[in-house]
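All remarks here apply to the structure that follows.
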Amino acid sequence: MALKATIFKADLQIADMDRNHFANYSLTLARHPSETDERLMVRLLAFSLYADELLVSGKGLSSDDEPDLWQKDLTGAIDLWIDVGLPDERRIRKAAGRARRVVVVCYGGRGAEIWWEQNRSALARLQNLTVIKLAPESTQALAGLSSRNMGLQCMMQDGELLITGDGDPIRLEPAFLCRSSAS
C-alpha cells in the first residue's frame with residue numbers, strides 16, 4: 002500500500018515592502034511521504050517570496066511535468082515556474098522553454114554549493130532563470146516552525162525576510178546566485 006501525503010494548513014500573513022504586496026493566505030500543503038519538514042518549509046518560503054493570488058502548488062515531487070509552485074496567466078501560459086531543492090539541469094532548461102520566468106530555490110549547505118558549481122555554466126545561458134540559495138542554518142530553523150496547523154507572519158524589506166510563528170523569529174537573507182533578466 003502506498004503512503005499518502007500528510008496535509009499541513011498554514012495561515013500566512015505577508016508584508017512585502019519590496020514589492021508593495023500585503024496579503025493573508027490560507028494554504029493547504031500536501032507533504033509527499035519522501036519530503037522533509039525542511040523542504041516543506043522552503044516551499045512555503047518560496048511561496049512567500051513570490052506570493053500572488055494566482056500562484057499555486059504544482060505536483061512537485063510527484064511529477065516531472067509540474068513544478069513545486071507555478072503561476073499561469075489568464076490564457077494558461079506559464080508566467081512563473083518555481084522549483085525547490087537541487088533539480089536536474091535538463092529539467093530547468095525544459096522549464097525555461099515553457100515559462101516566462103523560472104526560479105530555483107536551493108538549500109542544503111555544501112550540497113547546494115556543489116550543485117551550483119556543476120550546473121553554473123549550463124544554467125548561466127538561461128536569461129529567464131533566477132537561482133536563490135538559502136543558508137542551512139536558516140532552513141533548519143524554518144523546519145522547526147513546521148506543524149500541521151501553522152500561523153506564520155513573513156515580513157520582507159530590502160531583500161531580507163523575518164518569519165515569525167511559534168518560537169523565535171527567523172531572519173533570512175536569500176543569496177541570488179543568478180538573476181533573471183525577464184521582468
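Taken in order, the sequence shown gives residues 2 to 184; the numbers are from our numbering.
Where a beta carbon is used, it is the ideal one built from N, C-alpha and C, also for glycine.
On a predicted model such as this, the values are computed, not experimentally measured, just so you know.
Notebook entry, point to check: Leaving out five residues before and five after residue 66 in sequence, what residues of the same chain have Cβ atoms less than 7 Å from its Cβ?
Noted result: No residues qualify anywhere along the chain.
Note to self: Just to confirm the assignment: which complete beta strand (DSSP E) runs, minimum length 3, are found wholly within the stretch 5-73?
What the structure shows: The DSSP assignment places 7-17, 22-32, 56-58, 70-73 as complete runs of the beta strand (DSSP E) inside the stretch 5-73, in order along the chain (cut-off: 3 residues).
Next item on the list: Please classify residue 72: is it buried, with 16 or more other beta-carbons within 10 angstroms of its beta-carbon, or exposed?
Entry: By the Cβ neighbour-count rule, residue 72 is buried, with 16 or more other Cβ atoms within 10 Å of its own.
Check: Just the Cα atoms here: how many angstroms apart are residue 165 and residue 144?
Finding: Straight through space, the alpha carbons of residue 144 and residue 165 are spaced by roughly 12 Å.
Check: In chain order, which alpha helix (DSSP H) runs of at least 4 residues are fully inside the stretch 125-161?
Finding: DSSP runs (the alpha helix (DSSP H)) wholly in the stretch 125-161: 137-144.
Check: Quick one: what does DSSP say residue 121 is sitting in, helix, strand or coil?
Finding: Residue state, collapsed to three classes: helix.
Check: What's the gap between the Cα of residue 77 and the Cα of residue 70?
Finding: Roughly 15 Å separates the two Cα atoms.
Check: Within this structure, are the beta carbons of residue 27 and residue 12 separated by less than 8 Å?
Finding: Contact: yes.
Next item on the list: Please confirm whether residue 56 and residue 97 have their CB atoms less than 8 Å apart.
Entry: Cβ distance not < 8 Å, so residue 56 and residue 97 don't count as in contact.
Notebook entry, point to check: Closest by CA to residue 42, which one among 52, 51, 30, 53?
Noted result: Looking at the Cα atoms, 30 is the closest of the given residues.
Checklist line | When 86, 125, 146 are compared against residue 47, the one with the closest alpha-carbon | finding: If we check each option's Cα against that of residue 47, 86 comes out closest.
Next item on the list: Specify, as a first and last residue, the run of the beta strand (DSSP E) that residue 94 falls within.
Entry: No beta strand (DSSP E) holds residue 94; the alpha helix (DSSP H) holding it covers 90-99.
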